[in-house]
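Structure, as structure tokens:
In full-length UniProt numbering, the protein residues as written are 1 to 137.
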């Protein structure tokens, strides 16, 4: 059975997004921004391996799990990227993880309404893990 990319822990009202399928030695973690409630986990090579969601956004993870949601593959100017759409809305703020070309799109300036995560550094991540097998049978 395939490992889910999303987990939710009701007791602490927190969610987690896995960006890689295997366990790797943890390097460090840091806040995305001092105003956001997202903690980014990196491996020893400074690759983003996961995202911790605190209460303001964790309920979205719970809903995505119910819908068995994965990343989708999209194209912008003929360049492929992966996107995990957490909710609909107008983008107000985009924070970019420059070293990996990953974007966090928020619906407000308080950074407590995460709308989507876009991964443009597609070569660094396993497509089958992130989007699953979406071939038609």
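Just so you know, even glycine gets a beta-carbon here, dropped at the ideal spot from N, CA and C.
It should be emphasised that the depicted structure is a prediction, and the values quoted were computed from it without experimental measurement.
Strictly under 9 Å for the Cβ-Cβ distance: is residue 106 near chain D by that measure? Protein chain content of the structure displayed is limited to a single chain, and chain D is not contained in it.
Whole angstroms are fine: how far does the CA of residue 99 sit from the CA of residue 52? Position 52 of the chain shown holds residue 52. Position 99 of the chain shown holds residue 99. One C-alpha to the other measures close to 19 Å.
Strictly by DSSP, which residues pair up with residue 98? Walking along the chain shown from the start, residue 98 turns up at place 98. DSSP lists no partner for residue 98.
Determine the DSSP secondary structure at residue 114, reduced to helix, strand or coil. The residue labelled residue 114 in the question sits at position 114 within the chain shown. It is a strand residue.
Please confirm whether residue 115 and residue 96 have their CB atoms less than 9 Å apart. The residue you call residue 115 lines up with position 115 of the chain shown. The residue you call residue 96 lines up with position 96 of the chain shown. No.
Residue 87 to residue 45 span [Cα, whole Å]: Within the chain shown, residue 87 is the residue found at index 87, counting from 1. Within the chain shown, residue 45 is the residue found at index 45, counting from 1. Roughly 31 Å between the two C-alpha positions.
I need the straight-line Cα distance from residue 117 to residue 35, nearest angstrom please. Start at 1 with the first residue of the chain shown, and residue 117 comes out as number 117. Start at 1 with the first residue of the chain shown, and residue 35 comes out as number 35. Straight-line Cα distance between these residues: approximately 17 Å.
On the DSSP letters alone, give me the boundaries of the alpha helix (DSSP H) that residue 66 sits inside. Taking the chain shown and counting its residues from 1, one reaches residue 66 at position 66. 55 to 66 is the span of the alpha helix (DSSP H), which, as asked, contains residue 66.
Is the Cβ-Cβ distance between residue 20 and residue 126 less than 9 Å? Residue mapping note: residue 20 aligns to position 20 of the chain shown, counting from 1. Residue mapping note: residue 126 aligns to position 126 of the chain shown, counting from 1. Yes, these two residues count as a Cβ contact at 9 Å.
Can you say whether residue 8 is buried or exposed, counting buried as having 16 or more other CB atoms within 10 angstroms of its CB? Here residue 8 is taken as the residue at index 8 of the chain shown, counted from 1. The residue in question, residue 8, is buried, as its Cβ has 16 or more Cβ neighbours within 10 Å.
On the criterion of 16 or more Cβ atoms from any shown chain inside 10 Å, does residue 63 qualify as buried, or is it exposed? Start at 1 with the first residue of the chain shown, and residue 63 comes out as number 63. Result: exposed.
Suppose the cutoff is 6 Å on Cβ atoms and the five residues either side in sequence are ignored; what does the same chain contact list for residue 13 look like? Start at 1 with the first residue of the chain shown, and residue 13 comes out as number 13. Hits under 6 Å: 55, 58.
Is it right to say residue 41 is buried, meaning 16 or more other beta carbons lie within 10 angstroms of its own, or is it exposed? Reading the chain shown from its first residue, position 41 is the one you call residue 41. It counts as buried.
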